[in-house]
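If you're matching positions, the sequence shown starts at 1 in this note's numbering and goes up one per residue.
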Amino acid sequence: MHCPQCEHTESKVIDSRESPDGVRRRRECLLCRHRFTTYERIHAAPLVIAKSDGRREEFDAGKLFQSVRIACAKRPLETGSLEKLTRDVENELYRLSKVEVESRILGEMVMERLRVLDRVAYIRFASVYRDFDDIDTFVKEAEALQAEETSPKEPSPQLALLPDDVPRLPERRKRTTRRSRTATPK
Ligand SMILES: [Zn+2]
């Protein structure tokens, strides 16, 4: 659980109560003392996300939040809007009442909401997600992109030509190379 303010991983629970979205916890970051709310669910059966390459993985709301946070990095969004988006997607996933949901469906749920929330974040997420169909890979790709973006002191002239600070995106990789990329995690 990362602090939404400073990304520190340790926090203390200052309040906890049941809510329709799960157990609602008020937390305080141990580093910067920022207070934030988390919702933790208790489910009879875990929800499995089926990736397009055939792998299956238990749904992880924390990872989903991380990917949304990366897509929305430096965007002028209201406090709590990313948490709400994550929660809404999670609720919709569980409302499907399925044991297994395709990764593609999860991605569409996120894109649908990002499109309304912030166009740049939507483009960031969609352009990568459409190629990889997988949140883990999205996070890796997006972090690599951000590292490229933040390394030069001056913004590169190429970036300045793009509207609305849309980050440069990796060249679209051929579908055939995806399997080998995702099969060898770092
Ligand atoms: Zn903090």
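Glycine included, each C-beta is placed from N, C-alpha and C at the ideal position.
Given the structure is predicted, the values throughout are model-derived calculations rather than measurements.
- Item | Separation of L117 from A160, as counted between CA atoms | Any answer about A160 is weak, because its pLDDT of 41 lies below 50 and its placement is not dependable; what the coordinates show is given next. Cα-Cα distance, rounded: 23 angstroms.
- Message: Looking only at its chain, what residues have a beta carbon closer than 8 angstroms to the beta carbon of H34, apart from the 5 residues adjacent to it on each side?
- Response: C3, P4, Q5, C6 and E28
- Find out if the Cβ-Cβ distance for the pair E92, L64 is shorter than 9 angstroms. no
- What is the rounded straight-line gap between the Cα of F138 and the Cα of T79? 23 angstroms
- Message: Which residue wins for smallest C-alpha separation from K84, given the options D60, T38 and D53?
- Response: T38
- Task: Grab the span of the alpha helix (DSSP H) containing E83 for me, first residue to last.
- Result: S81 to R95
- Query: Are there 16 or more other CB atoms within 10 angstroms of the CB of K98, so buried, or fewer, so exposed?
  - Reply: exposed
- Provide the residue span of the alpha helix (DSSP H) that contains D36, from first to last. Residue 36 is actually Phe in this sequence, not Asp. Taken as a continuous stretch (DSSP letters only), F36 belongs to no alpha helix (DSSP H), being part of the beta strand (DSSP E) at R35 to E40.
- Message: Between L31 and ligand 1, is there a pair consisting of the residue's CB and a ligand heavy atom that are separated by less than 8 angstroms?
- Response: yes
- Task: Could you check the C-alpha separation between A73 and I14 for me, to the nearest Å?
- Result: 27 angstroms
- How should V48 be labelled, buried or exposed, when 16 other C-beta atoms within 10 angstroms of its C-beta is the threshold for buried? exposed
- Pair within 9 angstroms by beta-carbon distance, L114 and A71: yes
- Determine the DSSP secondary structure at K153, reduced to helix, strand or coil. Only weak support exists for where K153 lies, its pLDDT of 47 falling under 50; the coordinates are left without a value.
- Span of the beta strand (DSSP E), counted from its first residue to its last, around R25: G22 to C29
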